[in-house]
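Student: Residue 1 is where the sequence shown starts when you use full-length UniProt numbering, and the numbers rise one by one after that. My questions will all concern the structure given below.
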Amino acid sequence: AACKFHHTPCKDPPDKLFTVHGLWPSNFNGPDPENCKVKPTASQTIDTSLKPQLEIIWPNVFNRADHEGFWQRQWDKHGTCGSPTIIDKNHYFETVIRMYITEKQNVSYILSKANINPDGKGRTRKDIQIAIRNSTNDKE
């Protein structure tokens, strides 16, 4: 979807799996927070053991040579607002990985079970919502 609707074309053909679009904190009392201030921690760089998994599940589809810059922007804009639940940068990325590989939150797996695959066919929002709700106990 990002490749189809973004003004910058993707550099590669789309992967044959759904990937992470983002992990954002929500605010039921107003707009979702962005660019929050965070106390510096000892963990300022992304742990190298996380990078191979992130490259698969959360790639920069517009510039495959700049995954780290993309992840840093996601952390700066969204991850910093996850405190106190999100402890630091590595915890943010570990949470993304854990959510993706956990069957109940792996959207690629959930949608493929409902026969919705990244095959270029259009799908309605309702079909996607129903597939997600059926696999997550009625949560989106």
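Glycine included, every Cβ here is placed at the ideal spot set by N, Cα and C. Since the model is a prediction, treat every value here as computed from it, not as a measurement.
#1: Taking Phe93 as part of the alpha helix (DSSP H), name the residues at either end of that continuous run.
#2: Please classify Asn137 as buried or exposed, where buried requires at least 16 other C-beta atoms within 10 Å of its C-beta.
#3: Check whether the Cβ of Cys10 sits closer than 7 angstroms to any heavy atom of the ligand ATP, and report yes or no.
#4: Rounding to the nearest angstrom, what Cα-Cα distance links Ile130 and Gly120 in this structure?
#5: Tell me whether Ala42 sits in a helix, a strand or coil according to DSSP, three-state version.
#6: CA-CA distance, Val20 and Ile97?
#7: What first and last residue would you give for the alpha helix (DSSP H) that runs through Asn134?
#8: Got a sec? Which residues, its chain only, sit under 7 angstroms from Ile110 by beta carbon, not counting five neighbours each side?
Tutor: The structure says:
#1: Lys89 to Ile101
#2: exposed
#3: This structure lacks the ligand ATP; in fact it carries no ligand of any kind.
#4: Roughly 19 angstroms between the two C-alpha positions.
#5: Its pLDDT being 49, under 50, Ala42 is placed unreliably by the model, and the measurement read from it follows with that caveat. Three-state result, Ala42: coil.
#6: 9 angstroms
#7: Looking at the DSSP string, the run of the alpha helix (DSSP H) that includes Asn134 is Arg125 to Ser135.
#8: Setting aside the 5 residues that flank it on each side, Ile110 is surrounded in the same chain by Ala131, Ile132 and Ser135, each with a C-beta closer than 7 angstroms to its C-beta; the list follows chain order.
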